[in-house]
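S.K.: Dropping the structure in here first, questions after.
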Amino acid sequence: MRRIIKPLVFSFFLITLFSNAQDVLWEKSFGGKHDEILSDIIPTPDNGFIFAGSSISNNSGNKTIVNRGDFDYWVWKMDEKGELEWQKGFGGEGNDILQSIILTKDGGFLLGGTSASNKSFDKKEDSRGQNDFWIIKLNAKGDEEWQKTIGGEWQDDLQSVIRTIDDGFLIGGTSASNMSFDKNSSSFGNLDYWLVKIDSKGTIEWQKSYGGIYADELKSISQTSDNGFIVGGNSNSIVSGNKTEEHFGLNDYWVLKLDNSGNLEWQKTIGGNKDDQLTTIFQTKNKEYIIGGSSNSNKSNSKGQDAINGTDFWIVKLNEDAEIIEQHVYDFGKVDLLTSLIENISDTYLIGGYTKSEIKLGSNSKKKDDEGVNDFMALKIDIKGNEVWKKTIGSNGNDVIKKVIETRDGSYILGGTSNPMQSRFIDYDNKAVGKNDLHVKNFLAENNVVNDEIDASKKQLKNDLNSEINKNANELKSRIGISEDSPFKLKTNENSLTDGFLNGNSSTKNEAKKQENKLPASREKNNNFGNSDFWVIKLKDKEKPKVVPFTIEAYPNPTVHFTNVIIGYKYETGTILVADLAGHVLQQFEIKEKTIPIDFSTYPDGIYIVSVKTNVQENSIKIIKGNNKL
């Protein structure tokens, strides 16, 4: 029996009760004197976190890494209290934009992004085309183990990387390349989904392209319970190529279900009469598919509810047969853009996004934020889509949240990019032009960032920006499927680049100088180091019980291959011993780290004892080998 679609709408005002409902445990800013743009966050087994993004700053502020070229990959590892453990930078001579970071089976990390660099500095292979996928494998300490450049003759932009059930990786992105170099198929049209499966050492195992005649941009991939994949993005293609459903509006959600080899099982186009932008998709615990994005469409086609006030969060649930079973609209103000969605352990969901909104602070008072100013927005909902709580956090400038994660101690981390000074040159709603490269233009636009104070060696990039705005804005918008009536469009302020920094506007220079001197920000943000910084907030969820700190644990446990033994206290020296139940010692070695990967892949299924002896205390933990899940 088919389930009934339940369109729901939630229109909220931010009132004092809710703004104080959750506690900010701490907030941190990371950056140098120019631009840092955060793209991804993951929790680490030691209860810490690692942040991944891109930086154009040299060593300044709290950035200790020397800039290689233009934008470089920048990775920041912190402990559970928000204190720095290490930071790493990787880059070549050109633009290198880090988009994704994941944990690998050995306790290390895989970085995935887009590179325009030839062989130079940290880049060990020449570029294939304009932009390529660039993958870097790190160990648990952040040291490089290997890297791969993958691409065709033109533009290939990585968006997402996941670890697969076989301990390999699936890379997902958007490609305009025809058959050339590493790409084994021609483009169907403008931009296509491009998926590349690699093994644990970076060797390509298979690849697939999906798209129609126009623009199809992949945004999110996730492995499913049948070991296949669910893929989501945005499309304005008509029936063409291997797209079998007509588009509805300007852009639609386009969802693909693939088997374990990347072969198409089904596809679904979801949208209303205007612009619908998918951000994330994954399979829930009960094997449904949940999609998060933003929409300004009214009730039409598969959209079950009118837009409330401009652009709203739009969440859609599909069953295993690709039928829409639920959808929910959440409205906060003029423009609300969903950027992250996670399923909590407690069968609830946390939504992260940013909002330009008129905020009501009480029944008798009203405050309207300045135009072009964004705030972080976190919204917790139950399994039926009902609000549990919401929290808005921001400075007086542009704060664009990118990722939310649930921490192991019952809290949340909210991370994104913050420019506490108001936007002075260009207001980017979502898509626009940027510096000298289409991928960088889109990247900067999506993060609501413009670099207005680059040193003399980088000023040419600004000239490129100004030229592209004047000459090529319409062509660029057309290429990525953006029309004049879209909320995701370029808007040029009266104070343009030509009228501002580049022509010596004194007020603009003074603002830049203040930022360089780490001017204290406002509202919830305490300081900033440059034009834009990584901004990370730890938020306590009062609905959750307090988690008791651990002394020793292992993750994952049960395991098939590796497990990471995590020591929950500080120590100086120690020893680990691995034994079977008969008491036979299988491994023994010295340790100094809080996270220690141990390889069980050569041992038979069963139960093992890991004993940890440090200069502080002794502990043991039971490890189960033989579960077939990650």
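Mapped onto numbering that gives the first Met the number 0, the consecutive letters of the sequence shown carry residue numbers 0 to 629.
Note that the Cβ used here is the ideal one computed from N, Cα and C, for glycine as well.
Keep in mind it's a predicted model, so treat the numbers as computed, not measured.
Going straight from the alpha carbon of GLY396 to that of ASN530, what length do you get?
M.R.: The residue you call residue 396 lines up with position 397 of the sequence shown. The residue you call residue 530 lines up with position 531 of the sequence shown. So the alpha carbons of these two residues sit roughly 11 Å apart.
S.K.: Go through its chain and collect everything with a Cβ distance to GLU204's Cβ below 8 Å, but skip five positions before and after it.
M.R.: One-based indexing of the sequence shown puts residue 204 at position 205. Within the same chain, GLU204 has close Cβ partners GLY167, LYS196, ILE197 and ASP198.
S.K.: With a Cβ-Cβ cutoff of 8 Å, do GLN21 and LYS524 count as a contact?
M.R.: Along the sequence shown, read from residue 1 onward, the residue named residue 21 stands at position 22. Along the sequence shown, read from residue 1 onward, the residue named residue 524 stands at position 525. Cβ atoms of GLN21 and LYS524: not closer than 8 Å.
S.K.: Going by the beta-carbon positions, is the gap between PHE312 and VAL328 smaller than 8 Å?
M.R.: Within the sequence shown, residue 312 is the residue found at index 313, counting from 1. Within the sequence shown, residue 328 is the residue found at index 329, counting from 1. Contact: yes.
S.K.: Determine the direct distance from the alpha carbon of ILE307 to that of LYS200, and round the result to whole angstroms.
M.R.: The sequence position of residue 200 within the sequence shown is 201, counting from 1. The sequence position of residue 307 within the sequence shown is 308, counting from 1. Going by the C-alpha atoms only, they are around 48 Å apart.
S.K.: Kindly indicate which residue of THR601, ASP604, VAL577 and TYR602 has the alpha-carbon position closest to the one of LYS612.
M.R.: Here residue 612 refers to the residue found at position 613 when the sequence shown is read from its first residue. Among THR601, ASP604, VAL577 and TYR602, the Cα nearest to that of LYS612 belongs to VAL577.
S.K.: By the three-class DSSP mapping on this structure, what secondary structure does MET178 have?
M.R.: By one-based count along the sequence shown, residue 178 stands at place 179. Coil.
S.K.: Can you give me the start and stop residues for the beta strand (DSSP E) that TRP85 sits inside?
M.R.: In the sequence shown, counting from the first residue as 1, residue 85 sits at position 86. Start and end: 83-89.
S.K.: Identify every residue that forms a DSSP beta bridge with LYS284.
M.R.: On the sequence shown, position 285 is the one that residue 284 refers to. BP columns for LYS284 are empty, so no partner.
S.K.: In chain order, what residues of the same chain have a beta carbon less than 7 Å from the beta carbon of GLY261, not counting five sequence neighbours either side?
M.R.: Position 262 of the sequence shown holds residue 261. LEU194, LYS196, TRP205 and LYS207, listed in sequence order.
S.K.: Grab me the residues of ASN300's own chain with a C-beta within less than 7 Å of its C-beta, minus the 5 sequence neighbours each way, in chain order.
M.R.: Your numbering for residue 300 matches position 301 in the sequence shown. Hits under 7 Å: PHE247, GLY270, GLY271 and ASN272.
S.K.: With distances taken from CA atoms, which of GLY211, ASP45, ILE324 and ALA51 is nearest GLY567?
M.R.: On the sequence shown, residue 567 is found 568 positions in, with the first residue counted as 1. Nearest C-alpha to GLY567: ASP45.
S.K.: For the pair the region 546-566 and the region 50-60, tell me if three or more CB-CB distances fall below 8 Å.
M.R.: In short, these stretches do not touch, since the Cβ pair count stays below three.
S.K.: Tell me where the beta strand (DSSP E) around TRP153 begins and ends.
M.R.: Here residue 153 refers to the residue found at position 154 when the sequence shown is read from its first residue. Unbroken run through TRP153: none, as it is neither H nor E.
S.K.: Going by beta-carbon coordinates alone, are THR163 and LYS218 separated by less than 8 Å?
M.R.: Indexing the sequence shown from 1 puts residue 163 at position 164. Indexing the sequence shown from 1 puts residue 218 at position 219. The answer is no: Cβ separation not under 8 Å.
S.K.: Just confirm the distance between the C-beta atoms of GLY210 and PHE533, as a whole number of angstroms; I'd bet it's less than 8 Å.
M.R.: The residue labelled residue 210 in the question sits at position 211 within the sequence shown. The residue labelled residue 533 in the question sits at position 534 within the sequence shown. Not confirmed; about 33 Å, so no contact.
S.K.: Looking at C-alpha atoms only, which residue of ILE100, THR202, SER119 and GLY240 is the closest neighbour of GLY91?
M.R.: Residue 91 sits at position 92 when you count from the first residue of the sequence shown. Here the closest residue by C-alpha is SER119.
S.K.: Mapping DSSP to helix, strand and coil, what is ASN397?
M.R.: As a first step, residue 397 is located in the sequence shown; it is residue number 398 there, counting from the start. DSSP places ASN397 in strand when its eight states are reduced to three.
S.K.: Contact between the region 254-268 and the region 213-233: three or more CB pairs below 8 Å?
M.R.: At 8 Å Cβ cutoff, the stretches touch.
S.K.: State yes or no: is the C-beta of SER176 within less than 8 Å of the C-beta of GLY128?
M.R.: Residue 176 sits at position 177 when you count from the first residue of the sequence shown. Residue 128 sits at position 129 when you count from the first residue of the sequence shown. Taking 8 Å as the Cβ cut-off, SER176 and GLY128 qualify as a contacting pair.
S.K.: Let me know if ASN117 comes out buried or exposed under the rule of 16 or more other beta-carbons within 10 Å of its beta-carbon.
M.R.: For this step, residue 117 is matched to residue 118 along the sequence shown. Exposed.
S.K.: Leaving out five residues on either side along the sequence, give the residues of the same chain with a beta carbon under 6 Å from the beta carbon of SER159.
M.R.: As a working note, residue 159 is residue 160 in the sequence shown. Excluding positions up to five away in sequence, the list reads SER99, GLY171, SER219 and ILE220.
S.K.: Using 8 Å as the threshold, is the C-beta distance between PHE588 and ILE608 below it?
M.R.: As a first step, residue 588 is located in the sequence shown; it is residue number 589 there, counting from the start. As a first step, residue 608 is located in the sequence shown; it is residue number 609 there, counting from the start. Result no, Cβ atoms of PHE588 and ILE608 do not sit closer than 8 Å.
S.K.: Can you tell which of ILE344, VAL403 and SER345 has its C-alpha closest to the C-alpha of TYR353?
M.R.: In the sequence shown, counting from the first residue as 1, residue 353 sits at position 354. That would be VAL403, whose Cα lies nearest to the Cα of TYR353.
S.K.: Look at the Cβ atom of THR594, then the Cβ atom of ASN614, and state whether they are nearer than 8 Å.
M.R.: Along the sequence shown, read from residue 1 onward, the residue named residue 594 stands at position 595. Along the sequence shown, read from residue 1 onward, the residue named residue 614 stands at position 615. For THR594 and ASN614, no; Cβs fall outside 8 Å.
S.K.: Return yes when the Cβ of GLU386 is within less than 8 Å of the Cβ of ILE392, no when it is not.
M.R.: By one-based count along the sequence shown, residue 392 stands at place 393. By one-based count along the sequence shown, residue 386 stands at place 387. In this structure, GLU386 does not lie closer than 8 Å to ILE392 by Cβ.
S.K.: For THR558 versus LYS621, is the C-beta spacing smaller than 8 Å?
M.R.: Locating residue 558 in the sequence shown gives position 559, where the first residue counts as 1. Locating residue 621 in the sequence shown gives position 622, where the first residue counts as 1. No, these two residues do not count as a Cβ contact at 8 Å.
S.K.: Flag this pair as yes or no: are the beta carbons of TRP133 and SER114 separated by less than 8 Å?
M.R.: Position 134 of the sequence shown holds residue 133. Position 115 of the sequence shown holds residue 114. Their beta carbons are under 8 Å apart, which means TRP133 touches SER114 by this criterion.
S.K.: How is the beta strand (DSSP E) around ILE566 delimited, first residue to last?
M.R.: Walking along the sequence shown from the start, residue 566 turns up at place 567. Per DSSP, ILE566 belongs to the beta strand (DSSP E) from 561-566.
S.K.: Between which two residues does the beta strand (DSSP E) carrying ASP657 extend?
M.R.: Nothing can be reported for residue 657, as the shown portion of the chain is limited to 0 through 629.
S.K.: Just grab the DSSP bridge partners of PHE375 for me.
M.R.: Position 376 of the sequence shown holds residue 375. DSSP output for PHE375 lists TYR353 and ILE392 as bridge partner(s).
S.K.: Could you give the DSSP three-state label for SER38: helix, strand or coil?
M.R.: Indexing the sequence shown from 1 puts residue 38 at position 39. Reduced to three states, the DSSP call for SER38 is strand.
S.K.: Less than 8 Å between C-beta atoms, sequence neighbours within five positions excluded: which residues of the same chain meet that for GLY68?
M.R.: Counting from one through the sequence shown, the residue named residue 68 turns up at place 69. Taken in chain order, the residues that qualify are GLY90, GLY91, GLU92, GLY93, ASN94, ASP95, SER116, SER119 and PHE120.
S.K.: If we ignore side chains and look at the alpha-carbon of each, how far apart do PHE9 and TRP388 end up?
M.R.: As a working note, residue 9 is residue 10 in the sequence shown. As a working note, residue 388 is residue 389 in the sequence shown. Below a pLDDT of 50, predicted positions are generally treated as unreliable, and PHE9, at 45, falls in that range; no measurement from the model is reported.
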